[in-house]
Every structure is written in structure tokens, then in C-alpha cells.
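The structure appears below as C-alpha cells.
Protein chains in written order, with this note's numbering: chain E, 1 to 663; chain A, 664 to 1326.
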């Protein structure tokens, strides 16, 4: 029954961050801090000391950093994660007899009480600490102990224990015999910086040919790289590049009959020419792919591939591993269905197969194959239709060997499923951003993403469009709608992306009324895009990405704060660096059709600004500069010009008092 | 790495109630329900089934009850706890192939699709279930399987699988090979009903003598029992009844010099005549105590004793077990101090002693000693000054043998410490109620106590006064203040208590200005109370306790709901039974000096009342009855008469339409 020592008197509760009782790690990027808090207390009136313990996984030694008391029994400490991989952290706390003794002594002396019996008690405590110390520290402590013990009581002598800061020295040799430890070891996954700050561009390679109707190749894609680089993107995500199946191939606009010249959907993976480790021959060879990756790299662009773990009836797996599929009573393989809908061109992998272990290994092999080709970013198609435990295992296995690999979860599904995937290891996640249109919808959703525990494990990646998502807002709002959604994505999210050239060319025609599918979607056919069209948003996008690169405030999500505007059409928010050296205020007009104006209320004290002095706001989109004073200020935006302001707040405005001769 | 079977596809998250990741049990009383919820989901589109598992601790078999789907991946189930002691509960969930198959079949049939290959798939699933069944169930399932397999496809034949409710039968033989289980076993501590509904009266036995200046005895207390019973209390709590120390005894009003006739504080436990297992000789003998307990029992009153684990310098422990105390450098024992304050009449037990185990055993022995004398309720003095692990161990040990024992924690300390003591096992807890005076203070605090996780482990016991607490509100508010605080305590809390006769006699004189100590406190001297004084609140208290007994809505805390009133001086709230057969609406005037009126807004739909029909409200304090209609109603209270209404809502008012001959 009495398993622990009954003299462990400190308790540690409600540790944050701690996801699902430590079941899942939190996420950081290299160089970031982990701020840990807990309720820590003991019985009675004794003083306690608390330390935060941390180490890189696998290292034998724990580092230790003191926690400081906040309020209401809450303590806080922090450590920085400096390397890729996993860190562990925990908390240790104990009744600190030295601190208790010293505080009581101070109070007694302040009250003029006799402390002649307190000094030898302190001497004893210091002497015991000396035994835990060595070298000059031990010597110093022993000297103090002797002084406390031997000398006669004089007022100034009690002061001796305050000289030379013995508390500092004592805190290095604490008596931890009865220290309490938080019962669960907590973990941090540390990713490279791009996990937290990235600008994605999605593009169908086959639509990159310079001749109408031709099938684009990786060589054609090379020619597109300067265009993408000029816009400022650093991740180029390609839909699957593998052989496309023939059996039950879908025709243009997803009709169930296909013409001989129909190219099929790249997500229908597998033909007699190969499966997930092969390259669709019309795109080029593996060598071409390597060359393309290198060229991209020269432009500062990293290639992200798609992981879509599903097969056409023509996929080699179907012949070689029928045991990985479910068989119907007539001996045929069960195609994908969501009754009454049927997807006869797709055979789902059966994760309940007896042979699940070989299936898992094979899929891991696929990922490792592309890692060996140099790929380090994967966008995962529909992860919510494969088991959670599979992803947790896969991502862990891969990141153990390649901690720099990033996985983006494309799980447009229910919120708890989405969050579970993030918790179990996905580096970034698609979000509901595309469907959050009003001021309240946006602020509610982003408060949830950035101000709750969700921010510890879920890194939002905001996409105003994808090949599957052409929102009603974009369909009806014209070019201003594309601009405002772009500004929202690029400033609300440190990670964002667009599907182009459809986006920059403001492609807005749906397949049918009430649908979110594109008319003549690139998913089912090759498109030719006039990327040099004068109404293209490419220069606006380039400007936005430059603003993102130059303003560290926009490279993190956690400082996001919404501010009241008196007009619901104008949403207003800010982000800032912890040292306040970079403060960005964004105002977006959500109405693509009309000019709107409003008085904003901005948080001067959070920004460290004097309410009595004017400050400059510099609109990084228009380059206009305004002088503001106080927290209430007027803004106006005309969607026909630019539907947003991105202000950089500049702290100082010079006045005559700043000149030497003024005095 | 792959330790679990990778085919376990369901996940279980965010289980409630679950206190600190299952570290602590939740609390219930016999007959109550435990409603368990969790987020439960799987990948893809398959159907899942979830069951709640529970058992009395030590029983070999788990009971199982299905959970039902609520919304947003949330599931709910419940079970009733019928016996004293500990229960365990957990959750199991799995992908349900039968449910999935059947739902898909329904959809396909509704769409007129061919299901000829689906029927044998279902047959296979049913056949496997038959192997898990036996007897007639197995036979029935096999017949179904055969029918599904063998017959030709006809529209009406597919309907066969809906006859005879096979889903019901199938749900009894699920395929749990890949069932997920919530990783932590959760516990419930089940107490007797008095843990959840009790009315306490605190009284100093030594003040019960019928002659001025005489020391009251247990015999005198016997004579007081009818008085207490008539007021309707069912717990009589006595301050410590043990021998009182002489050394450094405190005088009247807690002065440091004492007169020969000063009786000392009962919390200064221990003299040469004995310690925690002895009875102060002036009160009587152990036999007298037994007799007193029996008499109390005859009046429906249970005696609660005080556990104050501290000693005077005269306590036998000091001689017999000096190792349980801390010694000062001069060889004397360290008295209690909170510098610069000294409590030289008290030696604290040193829970950091090397001999902590024998100390713990001895203190447990003290509790068991009084249990053997028949005591089953303990009020624990300052538990927050002894280690948490000690209390957890002690309460567990005692309740293992005596699950009917109740412990009330008197921890007027910081909120997290207070809650920790409740979590680790205290049955009931004192609260901050005495200092919550305004409408907002009261509603905020009680929302926290009844509407958050706190309600799972913390049972508030509300005291408007104690021998240590004479609030400013009572000091200045006169008799109406005592009445309103009494109504609040007795209706906000299913558990409440008063310290009398000071309370019913509206004793309001503080020792000094700004102090909460009573003048001439009974803690330090014997008082003589004129309990028959005409202005006594005893009849009002009796009425209140009768209302509590007759109205089950007031016997639980969880249904508490506050309602808006247009006047902050009038606080308005209701409680109801789950079946709505008993609904109580309380309105209290918080201003002891003035009449106040307001329009209230009451929740008709929560009460199941028709907004179009009048209903009766019956004031159980004044016996007045009113007809109300709709949710907005007028109330007025005059503190000079009664500063509160306790309305029982009576659903029906008869109209002419209720008479047979109306039609």
C-alpha cells in the first residue's frame, strides 16, 4: 500500500502542454521554446522548489532549468529545442528546507525575534548541502555552516547568510530525497523550420506543356520554375506522378465513360507499367524527375509528392498481392464504395487483412523509396480512410531515420478525426479555412486553432482553393474575392498554399450550379493556362510572399489576435514577434463588391506603444504610410483596388523633441 | 514497434468523467448514475459499436451496457451504482462489420442496386456470430445465414434480414477481435446517501450545562438533542472531546496568559490524562459518550467527531514518541509557528520523520478507535497542513473496511489545495461560501462547483458561520442576514451546516473591528446560550430543514441553475429532479436592509411547462400560493419579514376545460 515514500509531500498537477495525458507529443520547430506550466504545491507553509527537466531523446543526461512561481500555485519554466527529432520533458519538485528556513529567519529578524536557535538549524541544512557539493563550492558551504554554528549571535552576523548569495549556491545542491516527479514523460517532436513556415504551390505537371493538348513533362515543369520562384513559393506540390490505370478510367469532368485520349486521374494509381514506385512515362523518367528536383532546388523550391495509398484494378499489387485486398463472394476484388456511390476504378487496400504487417512494410517502403530519390515533403491524400495506428507507426518509423521529413494531412473530415491525425504525427494539416467566410466564422475558428491546446499539435496549412475545392465565395466574388482569400490565407497562416495557375488566373467556373468542382477539372484532363495574362494575380502573390519573408511576425501563428472593427465586413487582426520588433496589422474587406470603412480598436499596450504619441503604420501592399494616434483609427478598403491592408506598425515617429538643439 | 494488432482501428478519446487521467476516482452515492461520454471514431466510413464496461471492485465479471451516439463523434452510456465501495469502469469499441454491411445494404436497396453479392457477405458475418452464440440464438443465426446464402435474390427476400430483429441478436455476439479499449481503468467511490445530503449542526458540548459557568457534560448534551432534532439536523458535529493541555494554554479570547479557571481550546489536544483516544474527563466517560451517541441515534442524529492531528506539549505522544516531533538544537521540541507568529501551545507532528510509517499507523489507529466506538463521520481539522499522500492512504485504508465512513475536509486554503484533498478522498469539503456575498460571486462560484469537472469529486458543504468565521455580512446585517445566508446554504447546497446556538441566536459580535473571530469565542471559554429566546431562528431553521427533506430537488447539487433577475439584490436559482416531478425555485434578497422587487426570467421549457398555461408557485416558507404565466414573473421580498422565497413549482392549474362537462 505505502509504495512511495510517505515523505514525498509535493504534488504536481495539470501540466501543460500535455496532450491526452502524455499519449501524444507536442510540436515545435528548431529554435522554438517549449513553455511548461503546472500546478505545484505542498501541504502547510513550507517553500518548494521546482525544476523543468528535458533532454533530447536517447541522451543519458537530463538538463535542468528552474521553474518560477506565477500565481495561484502555478509554476512555469521553459527550454529551447535546438535539434531535429524528439525531446522529452518532465517536472521535479520538492519541499525546500533551505528556502523555508531562510524565509522564516527573515520574518523573525524583521520582527526582532530571537533567532539563536534558528542559526544552527540553518547550519545543519547548509552542512548537508556541502556534502552534496565538491571543490570550492563544498568549501564555501562548510565555511558558512561553521559561521552560522560558531559565532555568537549578533544582529549583523545573521546578515552574513545573505552575503555572497548563498541561496544561489544552495539552489545548486538541493536535497531531492523526497522530490516528486510528474508521473508521465512528455515529448516534443521538433521539425525543421519549414514545418512552421511554408508557402505551397500545387500544380499539375501534365498541364505544363507549351503546346496546346500536349502532355506536359518534367522538362516542361523546369521551364515553369522561374515563374513559381518569382511568386515566392518554396514548396511545389505535385499530384501523383505514377502510372495511371486504364480499367474503368474516368473521363473528362469525372464522367464514367472515357474517350481514348482521356488521360485519367493521377489519383488512379497503377497500370501494367508500374505502381507507387514508378513514374508515369509521359512525364518522363526517374532521371528527369531527379533533374527537375535539382533545378527546383536551385530556385529555392522543394518538391512535395502525393501519397495516395489506393490502387486501380491495373496496379501491380492486385496481381502480386491479392491478399492486400478484400475479395467478393464471386472471387473479384472489392472496389471502393460509399453506398450507393461506387468507385469501380479504385481498389482500396484492406487494412484488416491477415497480412497487414507486410502491407504496412510495403507502404513504408514506398515512402522510403521517394525519400531515397530526395523527396522530403509528402502531402497525404485522405489519411482518414486508413487506420490511425498505421499512420502513427509510419510517420514515427520514417522520422526516426529522417526527422526532416514533413507530412501534410489532407483530411477534409470531421474535426476530431482531423485533430487525431495531427496528434499522431502529421506535421501540417489542411483545415476548414476555405469555408470560413464571415468575420465571426474566421475569428472563432482561428481562436480555436491558435489559442487552445490544438495549437500544440495541429499546424494549419491554409488553402483558399484546391483541385477539389472551388468555393462559392470564389465563384461569385471575382478577382477581389481571390485577392482577399489570398491575403487571409497568407497572413492568418504561417503555412498556406494555392492550387495554380487556376488560382492566380482567378479560374472560377464550377462544373455545375451548387458544386465545388471545377469545370473541366485538371483532375481528369490536361489544361493549358495562359500564365502571362495581364489580369493574373502573380505580382500580387509575389508581393505577399515577399511581405511574409520580410516580416517574422507572419512566420508563426500563435501571436494571432483579432481586434474589433465597427464593420463586420472588415476583419482586423495582428501578429507580432515575442520581442515586438515586428508587428503586423491586417485588415481585410470580406465583401468583394463594395468599399467598406470602419473605426478599428488596436491594442496599443500589447504593442508597447504610447497612447499619447503618434506612430506610423506602413501599408506593405500599397506602400502608403499613415500617422495614427491612440487605439481608435479609421480604415477604408476598396475591393476594386486592393481588398486589404497589411500594415507594419512602426513604433517611433520623430518630433522636434528628438533633435539635440530642441533642449 | 508494432506491439498492438494494427487492425485495431477504433480510437477512444476525451473520456468523461476522468479525473487527472484516471489518477483519482469520481464520487457518487448509492443509487446514483454515472454518465460516461467519450469521443469514439474510426477511419473511413465503417460503423462502430461502443460499450461501457463496469463492475464493483473485486468482482471477476464486467457488466456491459451499450453506448449511444450523440453528435460530433461523441458517445454516451451510463450505469447505476447500487452498493457501497468502489466501482470500476471502462470503454470498449470496435468496427461493427454487421452494422456496416446492413447499412450499406439498405442504401443499395433503396437505390435499386443489385445486392446479389452482398447477401452472401452478410451470411458469412452472421455465420461467424453464430459460432460465438449457443443454444437457440446460434440456431436462429445459422438459419438466417442459410437463408441469406441459399435463396435466390428477390426484393422481399432481402427484407428478411430485417425480420425478427436480427440486429438485436447480432449485437449480443459482436466480433471483438479488434476491439479498442480505453487505456486507463477509471474508478467511482460510492458513498452512502448522507455523503450527498446532510444537515450539520456544530455545538460545543461544554456549553450545554444548564447552570451558568458549569462545564457541560454528555448528559447535558442529551438534554439538548430534542432541540437539535426539532430543528431537523441529522449530523451533530462536536469539536474535539479529548483532554486539553495545560502548558501554554490560551486564555479567553485567545490571549496568551490564562487564568486558573480558563478551560483552554478543545483543539489543544492532550494532557497527562490522555490524548486522541481519551475523553476530556469533565465531559464524562467513554460510557457516557456511548450513551449519548445512542440517544442521538434515537433522534435520527449521527455524531461527527473532529480529527485534529496535533498535540499540546502535555500529550502522551510527546513522552512516548519524541521521534514523531522535530527537535530544536537545544533539545526541546519545535512548537508550531508561521513566522513571526508562534503557537507555543501546539507541537505539530513531523510527517518528515524517519518514523513516518509508525506515525501513520498510529493516526489510523486513532480513527479506527473511534469507529469501534460507533463513530462514522469525521470532520478533519486543517487537513492541508498534513501530507496529501497521508490522507489518501488513511481514507483508503479506512474505507476499505468501513465504506460508510464520511470525512469532511476543513481546508480553508487555496483552491487547488482544496480540490486536491477532495480528489484524493475527502467525502465532503468546506467551501468559500461564507465569503461569497453578491449575486455574481455566488453564481460564479456555484457554476464552478456544480457545472464543471469539480462536481465529480468535490462535494461542497456550506457553512454560513463556524467558530472561526463570523463574516462581516453577518456582523452588519442583523437577523435578516442570518436568514438569507441560511436559505442560501440550505438550498444552494445539498450538504450544509451551522455552528449553533450562535447561529440561531444571531450572535454577531466580533472580537474586534475587522475581525472574523467571535467575541468571547467558545473556542476559549464556556458560553451559556438562551436557546428559548423568542427571536431565535430555530423555527425558521426547522421549516427549512423540513422543506429540504420533503423536496428531493434540494437533495442534489448538480441540477442547480441560475436565472436572470433584473435586480442584483435578488438572486434567483432553481433545482429539479431528473424526472421533473420536483422543481424548486429560490429567490433570496441579498440586501438585509431593504425590500427589493424584480422581474424574473424562469426556464419554462426546462421545467416542461406550457408557456400558454398558468402554473402555480407555492412559497414553502410563507405557504402563499401564486398563479404565474409565462417565463417573466414579478417577485418582491421584504427582509424584515422573510428575505427569501422557496417556491415549489406545481405544474398544473385546473381550468374549466379539465371538467368532464366542459365538452
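Every residue gets a Cβ at the ideal spot worked out from N, C-alpha and C, and that includes glycine. Keep in mind that this is a model prediction, so the values were computed, not measured.
Whose Cβ in chain A lies nearer than 8 Å to the Cβ of residue i?
i	result
residue 6/E	1014, 1019, 1020, 1023, 1050, 1052, 1053 and 1056
So with CB distances below 7 Å, who are the chain A contacts of residue i?
i	result
residue 117/E	991, 992 and 993
residue 121/E	992
Short check: CB of residue i to CB of residue j, under 9 Å?
i	j	result
residue 364/E	residue 394/E	yes
residue 17/E	residue 36/E	yes
residue 476/E	residue 592/E	yes
residue 1223/A	residue 1155/A	yes
residue 1204/A	residue 1247/A	no
residue 1089/A	residue 1064/A	no
residue 747/A	residue 1066/A	yes
residue 1106/A	residue 1233/A	no
residue 232/E	residue 546/E	yes
residue 889/A	residue 962/A	yes
residue 39/E	residue 8/E	no
residue 257/E	residue 199/E	no
By the criterion of Cβ-Cβ separation under 7 Å, what are the contact partners of residue i in chain E?
i	result
residue 684/A	21
Terminal residues of the continuous alpha helix (DSSP H) containing residue i?
i	result
residue 1027/A	1019–1035
residue 295/E	286–298
residue 221/E	218–231
residue 278/E	Segment: none, residue 278/E is in no alpha helix (DSSP H) and carries neither H nor E.
residue 120/E	118–132
residue 494/E	Taken as a continuous stretch (DSSP letters only), residue 494/E belongs to no alpha helix (DSSP H), as it is neither H nor E.
residue 538/E	538–550
residue 104/E	97–110
Residue i lies in the beta strand (DSSP E); which residues open and close that run?
i	result
residue 341/E	341–343
residue 559/E	Where residue 559/E is concerned, there is no enclosing beta strand (DSSP E), given that its DSSP letter is neither H nor E.
residue 728/A	726–729
residue 991/A	Looking at the DSSP string, residue 991/A is not in any beta strand (DSSP E), and its letter there is neither H nor E.
residue 679/A	674–679
For residue i, go through chain E and note every residue whose CB falls closer than 9 Å to its CB, in chain order.
i	result
residue 776/A	339, 340 and 342
So which of the options has the shortest CA-CA distance to residue i?
i	options	result
residue 1052/A	686/A, 693/A and 1008/A	686/A
residue 47/E	630/E, 103/E and 381/E	103/E
residue 668/E	115/E, 118/E, 171/E and 109/E	There is simply no residue 668/E to check, as chain E begins at 1 and stops at 663 in what is shown.
residue 1200/A	1217/A, 1148/A, 1251/A and 1221/A	1148/A
residue 1045/A	1074/A, 1062/A and 1025/A	1074/A
residue 1122/A	930/A, 857/A and 714/A	857/A
Answer with buried or exposed for residue i, where buried requires no fewer than 16 other C-beta atoms within 10 angstroms of its C-beta.
i	result
residue 817/A	Its pLDDT being 48, under 50, residue 817/A is placed unreliably by the model, and the measurement read from it follows with that caveat. Flag for residue 817/A reads exposed.
residue 650/E	exposed
residue 949/A	exposed
residue 1158/A	buried
residue 1319/A	exposed
residue 694/A	exposed
residue 1032/A	exposed
residue 821/A	Legend: pLDDT at residue 821/A = 48, less than 50; position of this residue unreliable, no value from coordinates given.
residue 29/E	buried
residue 677/A	exposed
What residues from chain E crowd round residue i, counting only those whose CB sits closer than 8 Å?
i	result
residue 676/A	20, 416 and 420
residue 748/A	Result: empty, since nearest Cβ-Cβ is about 17 Å, beyond 8 Å.
residue 1047/A	43 and 44
residue 771/A	339 and 340
residue 1131/A	Ordered by position in chain E, no residue passes the 8 Å Cβ test against residue 1131/A, which lies about 18 Å from the chain.
Give a single yes or no on whether residue i has its beta carbon closer than 8 Å to a heavy atom of the ligand HEM.
i	result
residue 629/E	Of ligands this structure carries none, so the ligand HEM is not represented either.
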